[in-house]
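All remarks here apply to the structure that follows.
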Amino acid sequence: MKKYIYIVAVLLTGIFSACDYNEHYFDDFENKTEPGNVATYEYTFQSGDVATIVSALRANKTAADSAMADAFNSAKVFSNALPASTLMPYLLKSKYLAGDVGSIAKITYSFDEKRDSVLTGLSTQSLVLGDTDYKLVWGEPFADAFTPSKSPANNLPAVLEARYPNAKKGDLKNITYQYSTEEPVDATVIGDSYLTEDFEGSYVAYDIINKDGWQSKDLKGTYNWQAKTYDSNFFAEVSSYKSTGENEIWLISPQVDLGQVANPYLSFDICVRNPAGDLLTVWVSKDFDGTNVAAATWTNISSKFTIPVPSASMNDFEDAGMGSLSSFAGEKVYVAFKYVGNGVTGLTTTYRVDNVNVFNAIPGIKVEKSETVYTAYEFDGSAWKASTGKVVLQPADYEAMGVTYLTTDNAPSYISTYLKSKYPYAQPDASYVVVYKTSSSNQADEYIFNNNAWTPNTFVVEKTDQFVFADVNGQKQWIFDPTFVVKTEKADYQIVVDYVKANEAVDNPAVWDTRGNAEYYYGFSAYYPNVSYRDKDRSLDPLYPLEGTSAEKEKFCNDRTIAGVQIILAATYPNATPIVNGVEQFAKVTLKIYSSHISTIGTEEWVYTMQCTGTKEWKFIQRESNTRAGYVETAE
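Residue numbers (mature numbering (1 follows the signal peptide of the UniProt record, and there is no 0)): -20 to -1, 1 to 616.
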């Protein structure tokens, strides 16, 4: 679990004198002759405390508080929607009754950060590229796959731009496409279609196939062709599993008019599961009356197709090929899939049929073999690009795991093992967003490497916030301490670097490093990151007292550092106000100072306490060394 400490400084002693602090915060303090019972508490929120807060909210008897009580009682964890700043005072009011104005409570609690927009954006169904997309890539004729000459890297951005003309910066898409390592060859391909059926839209699982002109006919037994779904795909399925005798089940298409079709063909996709006999055949009739199957003349065309051996997963569809219907050109015909099985004798193979197509075959191109590829793309505001830092599991990965998809329950085990193998030299705190298939969509989770293991980020972190017992408009109450805490990173130092480039460096270019990551007016460097007091750096500023005493140099650099901190706070908190809920607004900014003139410490970490005095205005109060315990310097 990550741990964020938001308020860790003691505001009553050490940082300020108790008197100064309370004069800032609390009305009528100067009139008190005795300090009273000003206490400091530290406490870790317990599961049983939820009930205390919920009861207090419900006692308010307002609709809003009742709704929040219900939400908190259900979640049992704080979040942006259930903020500790609002809810925790209810607990403190009942828990700490003896403390006087000026008391402080530091409360550690669990906080649900919630999944970010990247994870939610990739936890969606994939865009599966189709003919329209590949036509955009190839023109006419087209192959239904990318190849080395028509690579996804060079062509997917244009496909996505056409698909999503109103995309916004940060939009994410999961993509499924076909890729062939070989270029396409001349072939007979699909032209105009005269019958297409993918069983989508009008069925729910286990419906008998009997819509849009299709019909299931059970000549023997009571079984039927049924609509089934897997991985968000509907299809027609038949089986004699657990039947009590012989089954003869026909799946018959609506009538297809081939009167104007020069070169008619039939194609379909098929999946074979639990093979127990070759039980499926394909037929065509010119005289079927739409009702009486046995009375019609049927021609067996099964030899024109390849019924595959089932794959390891037994869930993958394969192309059965294209069978010529040239002997029926100019006719009106019905296409049928005939299944003959028997649960008693063990003839129970399951067949799934999908993407039935009767079409006019034309000259074109095709790839002999392609593989399915999953990827993730992101719109950067001007173009679609492969989304970096994402690990998208591929078909081969699922095959190696022995599954066709993952669930939220088993994903951590599989993915942890997968990442350990893929990244054997991962360092602590390394992280990846992993995108994987579920039974009906995709799921994206962040995995973090620590303690020699990859674990999913639960987004529940530990926080410590500070609350103060204050007199707010004459009412004594516990309130959230609004102090900003800035533990500076490179981006914070860069704020000052950029500020100098736009201001001081205009008249004196020497105070800005042309590499763009350091400046010498305030001394801030985003490269290291730190604030340099070193003569070599600061002497580039003509105002620096190069010939002065160590104390003079130190004071000059200290003043400039404070000014740099003010620049960071003004940029980071432009809307900060001096008073928040009756409490003065402070900030604590941690900086690293390099090469002090009056200390032998090479790099010393300081915490600067600043007070907001107006819009983008901050006053220095003190600084405390994190390197030298208890060492504090206050404002003059």
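From the three backbone atoms N, C-alpha and C, an ideal C-beta is built for every residue, glycine too.
Computed from a predicted structure; not experimentally measured.
Contact set for residue i: own chain, Cβ-Cβ below 7 Å, skip 5 residues either direction
i           : result
residue 52  : 30, 33, 34, 62, 67
residue 6   : In this prediction, residue 6 has a pLDDT of 41, which is less than 50 and means its spatial position is unreliable; nothing more can be read from the coordinates.
residue 539 : none
residue 419 : 211, 385
residue -16 : The pLDDT assigned to residue -16 is 35, lower than 50, so where the model puts this residue is not dependable, and the model offers no usable value.
residue 408 : 429, 430
Cutoff 6 Å; reference residue i; Cβ partners in own chain excluding five residues on either side
i           : result
residue 218 : 205, 229, 319, 331
residue 470 : 506, 509
residue 109 : 157
residue 312 : 235, 237
residue 352 : 375
residue 107 : 153, 155
residue 45  : 37
residue 222 : 323
residue 472 : 548
residue 585 : 572, 606, 607
residue 266 : 311, 313
Residue i - partner residues in DSSP beta bridges
i           : result
residue 302 : 247
residue 618 : Only positions -20 to 616 of the chain appear in this structure, which leaves residue 618 out of reach.
residue 567 : 464, 590
residue 217 : 206, 332
residue 161 : Answer by DSSP bridge pairing: none, since residue 161 is not bridged.
residue 321 : 227
residue 265 : 278, 314
residue 126 : 159
residue 198 : 229
residue 573 : 511, 584
residue 168 : 343
residue 505 : 498, 510
residue 118 : Answer by DSSP bridge pairing: none, since residue 118 is not bridged.
residue 154 : 356
residue 252 : 331
Assigned exposure category for residue i - 16 Cβ within 10 Å defines buried
i           : result
residue 405 : exposed
residue 28  : exposed
residue 509 : buried
residue 236 : buried
residue 272 : exposed
residue 10  : Below a pLDDT of 50, predicted positions are generally treated as unreliable, and residue 10, at 40, falls in that range; no measurement from the model is reported.
residue 533 : buried
residue 486 : exposed
residue 620 : Given a span of -20 to 616 for the chain in the structure shown, any question on residue 620 remains unanswerable.
residue 120 : exposed
residue 616 : exposed
residue 203 : buried
residue 123 : buried
residue 377 : buried
residue 244 : buried
residue 26  : exposed
residue 173 : exposed
residue 164 : buried
residue 195 : buried
residue 463 : buried
residue 54  : exposed
Own chain partners of residue i with C-beta closer than 8 Å, once the 5 adjacent residues on each side are dropped
i           : result
residue 411 : 426, 427, 428, 429, 437
residue 186 : 206, 207, 208
residue 357 : 136, 137, 140, 152, 153, 155, 364, 365, 366, 367
residue 503 : 511, 512, 513, 517, 518, 537, 540, 541, 544
residue 565 : 462, 463, 464, 556, 557, 558, 559, 591, 592
residue 457 : 69, 73, 449, 450
Residue i Cβ short of 7 Å to the ligand MG heavy atom set
i           : result
residue 306 : With respect to the ligand MG, the structure offers nothing, as it holds no ligand at all.
In chain order, each alpha helix (DSSP H) run of at least 4 residues that lies wholly inside the region 329 to 395 = 375 to 381
Can you find at least 3 beta carbon pairs, one from the region 152 to 171 and one from the region 374 to 385, that sit closer than 8 Å?
-> no
Take every Cβ of the region 161 to 176, pair it with every Cβ of the region 283 to 300, and state whether three or more of those distances are shorter than 8 Å.
-> With the rule of 3 Cβ pairs closer than 8 Å, the region 161 to 176 does not count as touching the region 283 to 300.
What runs of the alpha helix (DSSP H), each 4 residues or longer, lie entirely inside the region 415 to 500?
-> 470 to 482, 484 to 487
Touch test, the region 465 to 480 against the region 540 to 559, Cβ-Cβ under 8 Å, three pairs minimum | yes
How about the region 567 to 578 and the region 458 to 472: do they share at least three Cβ pairs that are nearer than 8 Å?
-> yes
Alpha helix (DSSP H) runs wholly inside the region 271 to 299, at least 4 long, in chain order | Restricting attention to alpha helix (DSSP H) runs no shorter than 4 residues, the region 271 to 299 encloses none.
Counting pairs of beta carbons, one from the region 387 to 404 and one from the region 413 to 424, are three or more of them closer than 8 Å?
-> As far as the Cβ criterion goes, the region 387 to 404 touches the region 413 to 424, which means the pair count is three or higher.
Between the region 92 to 104 and the region 127 to 136, are three or more C-beta pairs nearer than 8 Å?
-> no
Count the C-beta pairs between the region 320 to 339 and the region 111 to 125 that are closer than 8 Å, then say yes if the count reaches three, no if not.
-> no
Sufficient close CB pairs (3 or more, under 8 Å) joining the region 363 to 380 to the region 136 to 146 = yes
Can you give, in chain order, each stretch of the beta strand (DSSP E) that sits fully within the region 19 to 95 and has at least 3 residues?
-> You should have 20 to 24, 84 to 92.
Tell me, please, whether the region 491 to 503 touches the region 589 to 599 by the rule of three or more beta-carbon pairs shorter than 8 Å.
-> no
Contact the region 393 to 402 vs the region 175 to 186: 3+ CB pairs below 8 Å = no
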